[in-house]
Each structure stands twice: as structure tokens, then as C-alpha cells.
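Enquirer:
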Amino acid sequence: MKNIQVLRAGIVKHSKVSEIMHVMQQKRINDEIIDSIILVEHPEIVTIGPKASREGAVVSDDYEQTIVDRGGGITWHGPGQLVAYPIVKWEKDEQSVRKIINKIEDLVIKTLKDININGYRDPAMMGVWVDGKKICSIGLAFLHWVSRHGLALNYATPGNRIENLACCGLDVGTTTSLEKLGYKENNNQQISRELLENTLISNIKEILNREPIEEDLNLEDFL
């Protein structure tokens, strides 16, 4: 079984992580680094994928926004959201976009199950749902079957910042967070990013068939 390097990045601007992802993707193509997964939170920003651009989606000026090259439409990033970016060279038997998306959905669903939340997929679109609301968006870009971009899992987002957006082409209010749905940790405290990170990492081996390793590395080490 191959290893996958887990990078807990903390809070980093989307533009910085995007730059690093491009570099890491090329290095993974060239076998200069092993598979990696970046766990991060971004300051608030809305990313606009090709689908949203084609459909003429409009985002209010009170959101910082940027165009990205992943699949999908509008995605909100900000506090109370765990973002995971797998920079992975997928094996021949894994090289199906649908199969890879399913693996990432399964990773989120199993993570939620382990904290007693029933997450599920909608066959009509990518992502993970809880109680009829979308709580995880997924969008990827590939080059030579090395992935970039990833998933965004909403656990305690502020105000109605995400609810006010028509994320992924859905009706306003369809995308929300676990906290807004009333979910808490077993001690009745707000679900934490640390809990979600640790639980997600614990499921990587089973779902992605890669052994997670953590070393004292920073994102800048890959530039």
C-alpha cells in the first residue's frame, strides 16, 4: 500500500494554496513527491467554476470571488469549513472521474458516520447531503490523472453567508452546515475542525487505499 502525506495547513488564503497545488500536481506527475492531501481552512472567498461561468451565475459584490478550473459551479469557502485537497496520482484501476468522486464522497460519508451523522450522496450530482441539505461540495481538476482541488465540508459556517448563495446551481438555502442542522459533538459542544480532520484521516486507509503519514512539513516546503 502506498503512503499519502497529510498536510495540516491551518488557515491559509485560497490564492496561496492554489499556487502550491499547481506546483505539487506537477511534482507528483514527475514522481518528485508522494501522494498528498492538504487539510486547510480559507478566509472567506467564493470560487466560481466553469459551469457557473457558462450559466452566467452572479455572486454579490460583498463576497470576495475568484475563477477556478475545477469541475462544478459556485463554492463558498470560509470559517467553519474543512477543505481537503488530494494531490494524488490515481492508479490505472482507479482512473475514472466518477469512481474517484465516489471515493471522496465515501470518505466524507464514513467520516460523518463515525461521529453519528447520516451523510449520503445524491445520484444526480456530486457532494454529500445530510437531512435534505448539501453540506459537502466536491470539485476536481486532473492532469495526467493527478488530481487537484477537492472537497469542502461545512460544519460551523458563520451567519447565512453560505445559505445566501446558489451554490453548485442549487436553490438559495440548499447548502448549509452541520451546526445549522443542529449537530454537535458528543459533549454537546460545536463540532470542531480538529475532530473532523482526525476522523477523516483515520478513514483514508480504508477508503483511499493509502496509508496516511504525517511529518513536520509546511506547504511552502513544496514550492
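Residues in the sequence shown are numbered consecutively from 22, following this note's numbering. The beta carbon of each residue, even a glycine, is placed where N, CA and C say it ideally should be.
1) To the nearest angstrom, how far is it from the Cα of residue 132 to the Cα of residue 223?
2) Determine, using beta carbons only, whether residue 84 comes closer than 7 Å to chain C.
3) Residues in its own chain within less than 6 Å of residue 187 by CB, not counting five upstream and five downstream?
4) Go ahead and label residue 198 buried or exposed: buried means 16 or more other beta carbons lie within 10 angstroms of its beta carbon, across all protein chains shown.
5) Sorted by chain position, which residues of the same chain lie with C-beta nearer than 7 Å to residue 185's C-beta, five sequence neighbours on each side aside?
6) Helix, strand or coil, according to DSSP, for residue 228 in the structure here?
7) Go ahead and pull the three-state DSSP assignment for residue 209.
8) Can you list, in chain order, the residues of its chain whose CB lies under 6 Å from that of residue 59, leaving out five sequence neighbours each side?
9) Indicate whether residue 214 and residue 103 have their beta-carbon atoms separated by less than 7 Å.
10) On a CA-only basis, which of 166, 92, 36, 45 is nearest residue 242? Give me that one, please.
11) Under the assumption that residue 158 contacts residue 87 (Cβ atoms under 8 Å), give the Cβ distance between them as a whole number of angstroms.
12) What is the DSSP secondary structure of residue 47, reduced to helix, strand or coil?
13) Using only alpha-carbon positions, find the residue among 116, 32, 155, 84 that is nearest to residue 101.
Expert: Reading from the atomic positions:
1) 8 Å
2) You won't find chain C in this structure, because it holds only one protein chain.
3) Only 193 meet the Cβ criterion.
4) buried
5) 193
6) helix
7) coil
8) 28, 30, 106
9) yes
10) 45
11) The pair is not a contact, with the Cβ atoms about 15 Å apart (cut-off 8 Å).
12) Three-state DSSP puts residue 47 in a helix.
13) Ranking the options by Cα distance to residue 101, first place goes to 32.
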